[in-house]
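The structure under discussion appears below in the form of structure tokens.
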Amino acid sequence: MKMKLFFVSCFIFTNILVPQSHDIKNIILMISDGCGKNHIDVTSYYEYGELGMQEYDKFPIKLFMSTYSGQNRGYNTWLNWILINYCKYYFTDSAAAATAISTGNKTNKGYIGTNSKNNKLEHIAERANNNNKSIGLVTSVPFNHATPAGFVCHNDDRNNYGDLAIEMIYKSQLDLIYGCGNPWFDD
Numbered sequence: 001m002k003m004k005l006f007f008v009s010c011f012i013f014t015n016i017l018v019p020q021s022h023d024i025k026n027i028i029l030m031i032s033d034g035c036g037k038n039h040i041d042v043t044s045y046y047e048y049g050e051l052g053m054q055e056y057d058k059f060p061i062k063l064f065m066s067t068y069s070g071q072n073r074g075y076n077t078w079l080n081w082i083l084i085n086y087c088k089y090y091f092t093d094s095a096a097a098a099t100a101i102s103t104g105n106k107t108n109k110g111y112i113g114t115n116s117k118n119n120k121l122e123h124i125a126e127r128a129n130n131n132n133k134s135i136g137l138v139t140s141v142p143f144n145h146a147t148p149a150g151f152v153c154h155n156d157d158r159n160n161y162g163d164l165a166i167e168m169i170y171k172s173q174l175d176l177i178y179g180c181g182n183p184w185f186d187d
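Quick note on numbering: this note's numbering labels position 86 of the sequence shown as 86, and the sequence is numbered without any gaps.
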């Protein structure tokens with residue numbers, strides 16, 4: 001059976017960082033939660049025997065960024081090789097990673113849209129909304145999980161699913177939420 005990578009979460013917003021003279025109408029940010037460049041490369045090797053054959057490789061713009069949590073202070077390859085439990089303790093999580101992507105700021109594991117002192121950080125969705133742009137969030141996991149919530153919510157605990165759902169539905173500036181959540185959030 002062939003292994004296929006799939007996108008776990010998508011965040012859609014319109015052109016807030018591009019001057020109006022360009023013809024760009026929408027920006028779509030796709031996140032393969034837990035996936036890095038090496039995952040894409042190994043899949044390409046597995047399926048085609050060479051690099052550069054994945055659909056992602058054809059995208060006109062590809063960006064990479066570090067998403068480690070604020071308390072980890074980065075990834076240390078050397079320590080990973082000499083300390084057997086390094087990766088067991090010094091890893092990021094989806095909440096801190098999504099916050100890093102959506103706000104440009106590092107935060108603690110488990111924090112969503114707040115810094116380590118629990119002060120709210122501005123999400124790119126909020127900036128888009130302030131520029132009169134529509135915002136949508138599409139996900140294949142429950143919509144209030146850490147990665148999707150990390151683009152619109154502010155909470156110091158990624159496990160506050162009820163609070164995250166309330167914030168996303170009633171307090172966020174989302175025009176569209178499309179994802180999972182049945183049976184709790186199916187009204």
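All residues carry an ideal CB built from backbone N, CA and C; glycine is no exception.
Could you say which of the options lies nearest to residue i if we only look at CA atoms?
| i | options | result |
| --- | --- | --- |
| A98 | N108, Y89 and Y90 | N108 |
| L192 | T92, F64, D175 and F143 | Because the chain in this structure spans residues 1 to 187, residue 192 falls outside the shown range and cannot be described. |
| I27 | K133, T147, L176 and D175 | K133 |
| N131 | V138, Q173 and D163 | Q173 |
Helix, strand or coil: how does DSSP classify residue i here?
| i | result |
| --- | --- |
| S9 | Reliability of the predicted coordinates at S9 is poor, the pLDDT of 34 falling under 50, and the value obtained from them is presented with this limitation in mind. If DSSP states are grouped into helix, strand and coil, S9 belongs with the strands. |
| N117 | For the record, residue 117 in the displayed sequence is Lys; it is not Asn. Coil at K117, not helix or strand. |
| N38 | helix |
| I84 | coil |
| N130 | helix |
| M53 | coil |
| S102 | helix |
| M168 | helix |
| Y205 | What the structure shows of the chain is the stretch from 1 to 187, and residue 205 is not part of that stretch, so it cannot be assessed. |
| P142 | strand |
| I124 | helix |
Contact defined as beta carbons within less than 8 Å: I believe residue i pairs with residue j. What is the distance between those atoms, to the nearest angstrom?
| i | j | result |
| --- | --- | --- |
| C153 | G110 | Their Cβ separation, rounded to whole angstroms, is 13 Å, which puts C153 and G110 out of contact at 8 Å. |
| N144 | M168 | 6 Å |
Would you check whether the ligand COA has a heavy atom nearer than 6 Å to the C-beta of residue i?
| i | result |
| --- | --- |
| M30 | As for the ligand COA, it is missing from this structure, which has no ligand bound. |
Based on the DSSP secondary-structure assignment, which residues constitute the bridge partners of residue i?
| i | result |
| --- | --- |
| C153 | BP columns for C153 are empty, so no partner. |
| I61 | Beta-bridge pairing links I61 to no other residue. |
inquiry  = Using 8 Å as the cut-off, can you tell me whether the stretch 83-94 makes contact with the stretch 65-72, which would need three or more C-beta pairs spanning the two stretches below that distance?
reply    = yes
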